[in-house]
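**Student:** Residue numbering for the sequence shown follows our numbering, beginning at 50 and increasing consecutively. We put the beta carbon where it would ideally sit given N, CA and C, even for glycine.
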Amino acid sequence: MTPTAAGSRTSTEFQQGRRTEVSQKLLAFVAEVTRCVENVQDEVIVVSRVRKAMSELVSTDDWLPETMALSDPKFYQQHLLYGDPLDRFSVVSFVWGPGQQTPVHDHSVWGVIGMLRGSEINQRYGRTAYGMDPIGGSERLEPGDVEIVSEAVGDIHQVRNAFDDRVSISIHCYGGNIGRIRRHVFKDLGETQEFVSGYSNALTPNLWAPAQ
Ligand SMILES: [Fe+2]
């Protein structure tokens, strides 16, 4: 095959170049979080930087691979987008089917949640002598909004899809391998149950692949 001379790229090649640039948004996010966990000790600063990077990531909805946006009729999905090999952080596409919701749960590590598509309702909870009580009113996250969970700002909440007739998707980054961490759900009457969430997908995305 004859090499293409510089300056004579076809319009298709230019299009492919543009599409590649779009798909590298997730790669840029993963690179920034890696730099944070590598170089910064203070959790407040790490979360602040990850929040800024998440805000950029969910400012446009044009990069998530279709397979990472798949919902399930019975269960909300947690598609692993990237897992740090040293378990310092993980990035998850959280896909809500219509009307789906979590139980009241904790995380045990910091989490930064960016709303990408649709909308979700977040209700924080706090421990009381009798179990768990809501803290304040619920908040509605719209595309582009970013929320934090941590020991410092509150680690326990319940989340649900704001819609009963469509899928919603939020992108989560946690300060650990969230699919393997032992954490808790809190039931009525103060009953606590340990769980490990795992992930919904068997394969993670190619961060260098052209956008679909
Ligand atoms: Fe959560």
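According to DSSP, residue 243 sits in a beta bridge with which residue or residues?
**Tutor:** The partner list for residue 243 (beta bridge, DSSP) reads 233.
**Student:** How would you write the range of the alpha helix (DSSP H) that residue 103 sits in, first residue to last?
**Tutor:** Residues 92 to 106.
**Student:** My understanding is that residue 96 touches residue 199, with C-beta atoms under 8 Å, so please give their C-beta distance in whole angstroms.
**Tutor:** That pair is a contact at about 6 Å.
**Student:** Tell me whether residue 172 sits in a helix, a strand or coil according to DSSP, three-state version.
**Tutor:** Note: residue 172 maps to strand in three-state DSSP.
**Student:** Helix, strand or coil: how does DSSP classify residue 143 here?
**Tutor:** Strand.
**Student:** Can you tell me which of the three DSSP states residue 137 falls into?
**Tutor:** Residue state, collapsed to three classes: coil.
**Student:** From the DSSP output, in three-state form, read off residue 264 for me.
**Tutor:** What is shown of the chain runs 50 to 261, which leaves residue 264 out entirely.
**Student:** Apart from the five residues on each side of it in sequence, which residues of its chain come closer than 7 Å, Cβ to Cβ, to residue 193?
**Tutor:** Within the same chain, residue 193 has close Cβ partners 107, 108 and 164.
**Student:** Are there 16 or more other CB atoms within 10 angstroms of the CB of residue 211, so buried, or fewer, so exposed?
**Tutor:** Result: buried.
**Student:** Among all residues, which have a Cβ less than 7 Å from at least one non-hydrogen atom of ligand 2, and in what chain order do they fall?
**Tutor:** Ligand 2 is not among the ligands present in this structure, which contains only ligand 1.
**Student:** What residues are listed by DSSP as bridge partners for residue 265?
**Tutor:** Any property of residue 265 remains undetermined from this structure, which presents the chain solely from 50 to 261.
**Student:** Hey, could you find the ends of the beta strand (DSSP E) residue 223 is sitting in?
**Tutor:** Element bounds for residue 223: 217 to 223.
**Student:** Which class does residue 88 belong to by DSSP, given the choice of helix, strand or coil?
**Tutor:** The answer is helix: DSSP assigns residue 88 an H, G or I state.
**Student:** From the DSSP secondary-structure annotation, give me the bridge partner or partners of residue 210.
**Tutor:** Answer by DSSP bridge pairing, in chain order: 169.
**Student:** Quick test of your reading: residue 127 and residue 143, contact by CB under 8 Å. State the CB separation rounded to the nearest angstrom.
**Tutor:** Right, the Cβ-Cβ distance comes to about 6 Å (below 8 Å), so this counts as a contact.
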